Amino acid sequence: MFWVMILSLLALSVTAAFSGFKLLNWTLGMAGTLAGFAVFTSVSLAAVIIISILFAAIAVPLNVKSIRRRWLSDPFLAIYRKMLPSLSDTERVALEAGTVGWEGELFAGNPDWDALLDQQWPDLNETEQAFVDGPVEALCKMLDPWKNAHELADLPPEVWTFLKDNRFFGMIIPVEYGGLGFSALAHRAVLQKIASVCAITGSTVAVPNSLGPAELLIHYGTDEQKDYYLPRLAKGEEIPCFGLTGPTAGSDATSIPDTGIVCKQKYKGKIILGIRLNFDKRYITLAPVATIVGLAFKLYDPDGLIGEKEDLGISVALVPSDTPGLEIGTRHFPLNVPFHNGPVRGKDVFVPIDALVGGANLAGHGWRMLIELLAVGRAITLPSSSAGGAKLASLATGAYSRIRKQFNLPIGRFEGVEEAMSRLGGYTYAISALSRMTATAVDLGEKPAVPSAIAKYHATEMARQVINDAMDIHGGKGIIMGPKNYLGRGYQGMPIWITVEGANILTRSMMIFGQGAIRCHPYVLKEMEAAKMEDREQGLQEFDQYLFKHIGYSISNAVRSMILGLSFARFAAVPTDRKTARYYRKLTRYSAALAFASDIAMLTLGGKLKHKERISARLGDVLSQLYICSAMLKRFEIQGRPAADQPILAWAFHDAIYKIQIALGSVVDNFPSRGVRILLGTFIFPLGRHERPPGDRLGHKVSQLMMSPSATRGRLTDGVFISDELTNPVGLLEQALPRVIATEPLERRLHKAEIAGELEAGDSQAQLKQAVEQSIITAEEAKELSVVREMVAEIIAVDEFESDYLRMGASGETETIADQAA
Ligand SMILES: Cc1cc2nc3c(=O)[nH]c(=O)nc-3n(C[C@H](O)[C@H](O)[C@H](O)COP(=O)(O)OP(=O)(O)OC[C@H]3O[C@@H](n4cnc5c(N)ncnc54)[C@H](O)[C@@H]3O)c2cc1C
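Residue numbers for the sequence shown, in numbering that gives the first Met the number 0: 0 to 821.
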């Protein structure tokens with residue numbers, strides 16, 4: 000009976016930890032159980048008393064706040080203060096920027112799935128949909144990506160005019176200032192569609208709608224600045240760029256050496272208060288054609304002209320590109336995707352003080368502005384563009400692999416190709432869901448700092464894999480550049496998207512978990528703030544409150560991680576009314592494991608965790624994959640859980656879960672302390688590592704789905720531009736695909752006849768004529784086969800050029816051979 004009592008107490012404690020009971024409830028439950036055993040069972044009273052004393056020794060100090068504070072929290076607070084990582088101002092700003100949404104649930108170990116599934120996700124409104132179907136469609140039809148990149152290294156004048164006239168540069172500018180005032184979702188839809196056609200146009204449209212003058216002014220500008228600039232930016236009368244990066248300050252943007260000195264100087268005939276700027280920026284998109292430069296620099300006020308502080312910190316000003324001393328116009332050449340990009344330099348450039356965004360009041364607030372806006376821009380620009388590129392690659396590769404035959408079979412039927420193709424499908428599904436989720440977060444009023452870093456990194460990394468696989472499947476067809484090549488330029492440009500808006504290695508290693516751990520953790524930031532309070536008593540009270548909640552939370556996550564691991568997440572609270580219930584269970588299990596591992600990492604490594612980038616990156620991978628899986632499940636729900644899409648969802652889901660296991664496993668295996676390695680391994684993988692990558696059968700199903708037109712393939716690739724012109728290589732692929740499929744039985748019949756010696760191989764037309772004469776196919780069928788074979792020949796054809804024409808790119812000569820001949 001004694002052991003029954005011990006087991007009952009243990010079971011009660013585990014249940015309380017698993018379910019997150021309050022401390023008082025656990026205490027009452029334990030006391031009641033002990034009393035019950037004493038009164039109603041034969042257990043020895045002495046044993047009950049000894050256990051009760053031991054229990055009271057733990058429970059009383061925990062429940063009586065005055066004892067707890069004095070003997071536990073106070074000494075711990077002293078140690079904690081010493082352990083607390085020192086945060087620079089810029090780090091603090093980064094931590095405070097943005098809001099916490101769904102990622103907070105994932106981080107805390109017990110996500111409320113109903114909350115995610117009940118969330119209403121808005122759709123495009125009528126005006127937005129009409130814009131996507133109208134001007135965006137028309138723009139895509141106008142674009143000639145080959146000509147823009149190879150011949151013009153620019154967009155043709157008519158495209159620039161079309162973009163300005165239709166306010167493509169004013170998507171984020173409110174309607175009252177003449178902009179389109181679009182939602183993030185509409186912004187995403189536009190960028191996605193354009194990116195599926197032409198990277199140069201994509202970048203040209205993306206930049207004015209991302210972090211830059213317009214967005215800065217909308218959020219922080221004075222009324223005068225808004226009234227003057229926003230209507231001009233919306234109409235494209237001003238072309239903006241934003242200059243932060245310089246030769247010595249890339250990833251470490253806060254180290255910019257560029258300066259602004261508050262001073263008085265003669266300007267347009269009068270002595271006025273202003274700023275003298277000296278700067279050297281590079282890699283600035285749209286700079287060569289910009290009329291207004293958003294400039295980041297460090298502001299100093301040595302003479303106290305605008306306040307008492309001398310070193311004001313990073314500030315942002317709008318500098319017209321014709322300001323004397325400003326040097327602008329030359330171009331960099333980004334990886335064969337020649338959108339406008341170049342340096343901006345300035346020596347003793349003087350601007351009035353009201354050139355500061357927000358005026359003198361916001362002097363020194365530049366870093367906060369940039370970080371807050373980056374949270375929004377990164378949630379939209381690159382995830383949407385990656386979605387557009389990946390969808391196009393999936394669409395075209397699915398069709399091409401059905402149309403292109405080798406060894407007398409469509410290449411997509413070979414298992415080796417299937418493997419690459421399933422990745423294309425799975426990642427495209429994931430990227431699209433991820434970009435939809437982060438854009439929606441913005442529309443729901445969030446500033447999703449952590450999800451936008453997740454989306455920037457993972458959307459571009461998955462898109463890189465997609466384009467690599469698409470290139471491999473296309474073989475030489477993807478390599479030979481020219482108007483018939485719809486992949487090569489995207490492949491060449493991929494490292495650009497990996498590098499811009501926060502280079503990927505840095506984003507993964509420092510930002511996702513680095514920010515996420517403190518931003519999303521329910522208690523850490525609060526503990527840090529309490530520890531720093533000047534009023535020590537108040538600080539102790541708050542610290543005590545959060546510390547003990549934190550301890551309960553950590554114990555709960557440890558127990559949950561273990562029990563969910565032992566039971567394969569049977570007891571997780573998830574929506575059970577659907578086939579995907581087991582997916583939710585797995586996510587809940589790994590969410591608890593992440594919460595537990597994060598706490599242990601923060602507790603044992605403290606401030607050193609910042610420098611343990613590999614641990615931080617892997618924990619960030621877990622958070623990211625949990626977020627991506629949530630996005631995919633939500634996407635599946637809002638699309639009405641289409642059963643036919645399940646293989647793609649399943650492939651992408653299992654791939655993500657396997658990656659979670661790899662990331663968590665690598666945290667466990669590489670943790671610096673052996674003791675912690677054992678602890679983490681025991682609680683996270685109590686029965687070992689059982690996740691497997693998506694199986695071959697699933698991969699087969701995914702690639703089959705991509706190779707023929709269907710609602711599933713349509714949903715996977717929705718929102719890209721598909722030309723209805725046969726002269727467009729992707730348009731041709733799409734039109735040929737159903738006809739190739741329809742004529743496959745005829746081709747098989749002809750092939751059989753060929754093998755039987757009834758038909759001669761060789762010249763296509765002669766063979767078809769012979770086949771009709773021998774009644775192998777009808778004349779009608781021969782006619783269709785003839786057309787389809789011509790289409791296929793055009794699809795597998797690649798471009799050829801005269802040498803002179805190819806030299807054009809190097810010489811800068813914009814005249815085509817045809818022009819010269821004329
Ligand atoms: C085509 C293009 C367009 C651009 N447009 C603009 C623009 O319009 N405006 C603007 O201001 N800037 C722009 N940039 C700059 C861009 O944001 C920077 O290139 C980027 O921030 C990286 O800086 P960097 O190239 O100097 O690389 P570096 O900072 O030298 O980084 C090199 C490598 O080191 C890694 N790294 C650096 N620090 C760490 C760390 N602590 N932990 C782990 N890894 C680290 C990086 O991830 C990267 O892989 C553009 C760049 C390009 C190439």
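Note that beta-carbon positions come from the ideal geometry of N, C-alpha and C, so glycine has one too.
All values derive from a computational prediction rather than experimental measurement.
Sequence-distant residues of the same chain with beta carbon closer than 6 Å to residue i, five excluded per side
i: Ala662; result: Arg617, Asp620 and Val621
i: Gly242; result: Lys280, Ile283, Val292, Leu294 and Val343
i: Ile466; result: Ala392, Gly489, Tyr490 and Met493
i: Ser555; result: Ala16 and Gly19
i: Arg275; result: Ile260, Cys262, Asp347 and Phe349
i: Gly312; result: Gly363
i: Trp2; result: none
CA-to-CA distance, residue j to residue i, given in whole angstroms
i: Arg806; j: Val797; result: 19 Å
i: Ile816; j: Gln405; result: With a pLDDT of 46 at Ile816, under the threshold of 50, the modelled position of that residue is not reliable, and no figure is offered here.
i: Ala821; j: Leu151; result: Summary for Ala821: the model assigns pLDDT 49, below 50, so the residue's position carries little reliability, and this model does not support an answer.
i: Asp143; j: Ser87; result: 48 Å
i: Gly365; j: Ser590; result: 35 Å
i: Gly515; j: Thr98; result: 11 Å
i: Phe130; j: Arg463; result: 29 Å
i: Asp717; j: Lys390; result: 8 Å
i: Gly388; j: His520; result: 34 Å
i: Ser385; j: Ala440; result: 18 Å
i: Leu9; j: Gly31; result: 14 Å
i: Arg412; j: Leu736; result: 15 Å
i: Lys455; j: Ala354; result: 31 Å
i: Ala781; j: Leu758; result: 14 Å
i: Tyr582; j: Arg187; result: 28 Å
i: Val356; j: Leu215; result: 7 Å
i: Leu731; j: Glu772; result: 31 Å
i: Trp496; j: Lys21; result: 47 Å
Alpha helix (DSSP H) segment containing residue i, residue limits
i: Glu326; result: Segment Leu325 to Ile327 is the beta strand (DSSP E) holding Glu326; no alpha helix (DSSP H) there.
i: Arg581; result: Ala580 to Leu604
i: Phe36; result: Leu22 to Phe39
i: Val729; result: Pro728 to Ile754
i: Asn62; result: Leu44 to Asn62
i: Thr506; result: It is not in any alpha helix (DSSP H) - Thr506 carries neither H nor E in the DSSP assignment.
i: Gln191; result: Ala183 to Ala194
Proximity of residue i and residue j at Cβ, strictly below 8 Å
i: Phe75; j: Leu546; result: yes
i: Asp471; j: Pro121; result: no
i: Glu526; j: Phe512; result: no
i: Ile352; j: Leu272; result: yes
i: Gly444; j: Met705; result: no
i: Glu309; j: Pro301; result: yes
i: Ala429; j: Met461; result: yes
i: Ala438; j: Ala96; result: no
Unbroken beta strand (DSSP E) run spanning residue i, endpoints
i: Cys240; result: Pro239 to Gly242
i: Asp310; result: Asp310 to Pro319
i: Gly259; result: Thr258 to Tyr266
i: Phe278; result: Lys269 to Thr284
i: Val356; result: Here Val356 belongs to no beta strand (DSSP E), and DSSP marks it neither H nor E.
i: Tyr626; result: Unbroken run through Tyr626 is the alpha helix (DSSP H), Glu612 to Ile637; no beta strand (DSSP E).
i: Lys297; result: Ile291 to Tyr299
Cβ-based neighbour list, residue i, same chain, cut-off 8 Å, excluding 5 preceding and 5 following
i: Ser421; result: Trp650, Pro693, Leu697, Gly698, His699, Val701 and Ser702
i: Tyr626; result: Trp101, Glu102, Leu105, Leu433, Met436, Pro450 and Ile453
i: Val13; result: Val558 and Ile562
i: Met0; result: Phe36, Thr40, Ser41 and Val42
i: Ile5; result: Ile50
i: Tyr299; result: Thr258, Gly259, Ile260, Val261, Glu309, Asp310 and Leu311
Proximity test, Cβ basis, 8 Å: residue i and chain D
i: Lys609; result: The displayed structure is made up of one protein chain only, and chain D is not part of it.
Neighbourhood of residue i by C-beta distance below 7 Å, restricted to the same chain and skipping five residues each side
i: Ser802; result: none
i: Pro156; result: none
i: Val92; result: Trp366, Arg367 and Ile370
i: Glu753; result: Ala760
i: Ala359; result: Ile305 and Ile352
Residue i: CB within 7 Å of a non-hydrogen atom of ligand 2
i: Leu394; result: In the structure on display, ligand 2 does not appear, and the ligands it does have are ligand 1.
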